[in-house]
Amino acid sequence: MFRIILNSWLAALLLMIAISSTSSTQSPKAELSFKASYQQIQIKQDYARGLKLNRDYFEGYISDIKSILISPFHWQRSDWIKASLIAGITAGLYTQDQRIQDWVQENRSSVSDRVSEFAKPFGDGRYTLPGLGALYLYGHLFEDEKAQRTALLSLKSFVISGLFVQALKFTGHRHRPSSGDPYNTWDGPSFSTSNLSFPSGHS
Numbered sequence: 013m014f015r016i017i018l019n020s021w022l023a024a025l026l027l028m029i030a031i032s033s034t035s036s037t038q039s040p041k042a043e044l045s046f047k048a049s050y051q052q053i054q055i056k057q058d059y060a061r062g063l064k065l066n067r068d069y070f071e072g073y074i075s076d077i078k079s080i081l082i083s084p085f086h087w088q089r090s091d092w093i094k095a096s097l098i099a100g101i102t103a104g105l106y107t108q109d110q111r112i113q114d115w116v117q118e119n120r121s122s123v124s125d126r127v128s129e130f131a132k133p134f135g136d137g138r139y140t141l142p143g144l145g146a147l148y149l150y151g152h153l154f155e156d157e158k159a160q161r162t163a164l165l166s167l168k169s170f171v172i173s174g175l176f177v178q179a180l181k182f183t184g185h186r187h188r189p190s191s192g193d194p195y196n197t198w199d200g201p202s203f204s205t206s207n208l209s210f211p212s213g214h215s
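Just so we're on the same page, this note's numbering is the position in the sequence shown counted from 1, plus 12.
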């Protein structure tokens, strides 16, 4: 088990080295692309500073989803390298999924159970959404624009990421570890509301 964890850390280290080396050898074209990306970030920051709960805000959901879907068509070589390395590491860890689960179960303790119960609500809409609503209400009542922007941006991130998570869940239908089925049990695309363990969506 520790060998698996060590290999994961080494893979992550190699990923960072590859990213750094790619960034340090950027061509003029890549530098122009970076400047263009920076300008896009500045535009988004300017947009965020003027963010209000209005029609433009809700239309931003559609434009942001579109940007996410078409973003791979605008990736540079370094972006594809990063994505490939991350996909490779993920695939490697997936092959060890059963061993990792067995190790975790064998080393459970009352402390780890309490930590798990404490962390479980994070990412759950039943806790996140009321908190964001309270933050926005505070910003509105006390004219704190930063609090309002934070709440609106967080809500948009929560909703958009939730849409993609649910799409993946209903595409894969992976069985939960607690079901007792093998780790590689997937039912494939359907509208069934059972066996939706991957991805968890808590992040």
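All C-beta atoms in this analysis are idealised placements derived from N, C-alpha and C, irrespective of residue type, glycine included.
Residue j and residue i - do their beta-carbons sit closer together than 8 Å?
i: Leu164; j: Tyr69; result: yes
i: Pro133; j: Val177; result: no
i: Gly143; j: Gly174; result: no
i: Gln88; j: Tyr195; result: no
How many angstroms separate the CA atom of residue i from the CA atom of residue j?
i: Ser153; j: Ile172; result: The sequence as given places Leu at residue 153; Ser does not occur at that position. Distance between the alpha carbons of Leu153 and Ile172 is about 27 Å.
i: Asp156; j: Ser79; result: 29 Å
i: Thr107; j: Ala99; result: 13 Å
i: Ile77; j: Leu63; result: 17 Å
i: Gln117; j: Phe130; result: 18 Å
i: Ser90; j: Gly104; result: 21 Å
i: Asp199; j: Asn207; result: 8 Å
i: Ser128; j: Lys168; result: 27 Å
i: Lys158; j: Arg138; result: 24 Å
i: Lys94; j: Pro84; result: 12 Å
i: Pro201; j: Lys181; result: 9 Å
i: Asp125; j: Thr162; result: 32 Å
i: Gly192; j: Asn119; result: 18 Å
i: Thr140; j: Gln160; result: 15 Å
i: Gln110; j: Ser75; result: 39 Å
i: Glu71; j: Ser190; result: 40 Å
From the DSSP output, in three-state form, read off residue i for me.
i: Trp87; result: coil
i: Glu71; result: helix
i: Thr37; result: Per-residue confidence for Thr37 stands at a pLDDT of 45, beneath the threshold of 50, marking its modelled position as unreliable; the derived number appears in the next sentence. Here Thr37 sits in coil by DSSP.
i: Thr140; result: helix
i: Asp76; result: helix
i: Arg111; result: helix
i: Leu125; result: The amino acid at residue 125 is misidentified as Leu; the sequence shows Asp. Helix, per DSSP.
i: Ser96; result: helix
i: Glu43; result: Bear in mind that the predicted position of Glu43 carries a pLDDT of just 46, short of 50, making it unreliable; the figure below should be weighed with that in mind. Glu43: helix per DSSP, three-state reduction.
i: Glu118; result: helix
From the DSSP output, which residues share a beta bridge with residue i?
i: Trp198; result: Arg186
Should residue i be flagged as near chain B, meaning a C-beta pair shorter than 8 Å?
i: Pro189; result: Among the chains in the structure shown there is no chain B, since it carries only a single protein chain.
When you measure from the CB of residue i to every non-hydrogen atom of the ligand FMN, does any distance come out below 7 Å?
i: Gly135; result: The model depicted lacks the ligand FMN and carries no ligand whatsoever.
Legend entry - Three or more C-beta pairs below 8 Å linking the segment 180 to 194 and the segment 143 to 152: No, because fewer than three Cβ pairs between the segment 180 to 194 and the segment 143 to 152 fall closer than 8 Å, the two stretches do not touch.
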